[in-house]
Amino acid sequence: MADAERYEGDLEAAGRHGVETDDDRLPGIEAPGLYVRHPWLRFVALGDSFTEGVGDPEPTSPNGVRGWADRVAEELAEDAPGFAYANLAIRGRLLDQILAEQVEPAIALQPDLITISAGGNDMIRPGADPDAIAARFERGVEQLRRTGATVVIFTGVDTRFQPVFASMRGRIAIYNENLRAVAAHHNAIVADQWALRSIQRPAMWTDDRLHLNPYGHHEVARMVLDALAVPNSLRPMAPEAVRPSRWRDARVRDIVWAREHLVPWVVRRIRHQSSGDRISAKRPFAEPLFRPGELDETVAGAVPGDSALETGGGSNAPQSPSPLSSPDQFPLDQSSPDQSSPGA
Numbered sequence: 018m019a020d021a022e023r024y025e026g027d028l029e030a031a032g033r034h035g036v037e038t039d040d041d042r043l044p045g046i047e048a049p050g051l052y053v054r055h056p057w058l059r060f061v062a063l064g065d066s067f068t069e070g071v072g073d074p075e076p077t078s079p080n081g082v083r084g085w086a087d088r089v090a091e092e093l094a095e096d097a098p099g100f101a102y103a104n105l106a107i108r109g110r111l112l113d114q115i116l117a118e119q120v121e122p123a124i125a126l127q128p129d130l131i132t133i134s135a136g137g138n139d140m141i142r143p144g145a146d147p148d149a150i151a152a153r154f155e156r157g158v159e160q161l162r163r164t165g166a167t168v169v170i171f172t173g174v175d176t177r178f179q180p181v182f183a184s185m186r187g188r189i190a191i192y193n194e195n196l197r198a199v200a201a202h203h204n205a206i207v208a209d210q211w212a213l214r215s216i217q218r219p220a221m222w223t224d225d226r227l228h229l230n231p232y233g234h235h236e237v238a239r240m241v242l243d244a245l246a247v248p249n250s251l252r253p254m255a256p257e258a259v260r261p262s263r264w265r266d267a268r269v270r271d272i273v274w275a276r277e278h279l280v281p282w283v284v285r286r287i288r289h290q291s292s293g294d295r296i297s298a299k300r301p302f303a304e305p306l307f308r309p310g311e312l313d314e315t316v317a318g319a320v321p322g323d324s325a326l327e328t329g330g331g332s333n334a335p336q337s338p339s340p341l342s343s344p345d346q347f348p349l350d351q352s353s354p355d356q357s358s359p360g361a
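In my numbering, the protein residues as written are 18 to 361.
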């Protein structure tokens, strides 16, 4: 960390109820013996559309999306003076692009918590080799762990519930086992999407079937916070149950999906294009983070010269309350901008 020493206490003892410590070196804590929820002050997220937040629209957020990483950062920022967050993820990025474009900038931000989700766009390509992809992924994890930061990596989703992607299930399972071995070897934390049953149904995904919707991002955020043993305010949340479709209706939806999402993806591949070609990282600098609508409340209650205005979230902070601040406000078919195809 640039402005504070790293926490050297017993992270294993953090548990579900936070850390109780007599260690006065805990960042952001001036007096010993205070209750704290977690030891991290600077969180950087790396990855592709999953980490950028595609599928979870928020007009007041950079790139127009929120996502699980923002939701995690919002929780980590609670009662954590000086907490800062950066998100370097860009939709459509392959593993090698993430390693080449995001790892060094992430390290330069001096984080003490890093999440990296990569390889998903590689895995959906024909002929993908999960062993080779995982070997390259490990080199990135090794580089990140050398900083001393806590590193969280993600397994892939069990695609059994999605007929279109069910054939990839074995390949993803092999990749996941490789990632678990990488985590064990480098003392990283596993955020296990494969075991996250709550997102294994179509109602948690957008119409493109590749990106989580707000409900899905909410559930992943809960899972990540649980993996970090951080007490949090997030509660299970899901859309209303939908009646099973008739076979004919399901096939019609498959045809519509292929026309609107699969074909454009194939065309982009032929043209060597990506949905992220004109997209930049939504939070390239480690800055304070405000929940949707929170900055307006801070500004409304501040007085001229108030430090709350002087230390705001910078250019990336939301500027007005959002009507999309909680998952239960979304219709099931809500989708985000520019998420029109696999690999986006």
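Cβ atoms here follow ideal geometry from the backbone N, Cα and C, with glycine treated the same way. Source: prediction; values computed, not measured.
DSSP lists no bridge partner for P256.
The DSSP assignment places complete alpha helix (DSSP H) segments of no fewer than 4 residues inside the stretch 132 to 186 at 137 to 140, 147 to 162, in order along the chain. The Cβ atoms of L105 and P122 lie closer than 8 angstroms to each other.
Secondary structure of N193 (DSSP, three-state): helix. Here P143 is exposed. Its C-beta has fewer than 16 other C-beta atoms within 10 Å. W57 and G157 have their C-alpha atoms some 21 angstroms from each other. Note on A238: 16 or more other CB atoms within 10 angstroms of its CB, so buried under the neighbour-count rule. Here V82 is bridged, per DSSP, to P74. In this structure, the CA atom of R162 is about 10 angstroms from the CA atom of V169.
Rounded to whole angstroms, the gap between the alpha carbons of G310 and L251 is 18 angstroms. Its chain contains A151, F154, E155, V158, I170, A205 as the residues whose beta carbon lies nearer than 8 angstroms to that of V199, once the 5 sequence neighbours on both sides are disregarded; these appear in chain order. Taking the Cβ atoms as the reference, W211 lies roughly 5 angstroms from D175, within the contact range of under 8 angstroms. Between G109 and M140, the gap from beta carbon to beta carbon reaches 8 angstroms or more.
Judged by their CB atoms, G136 and L112 are nearer to each other than the 8 angstroms cut-off.
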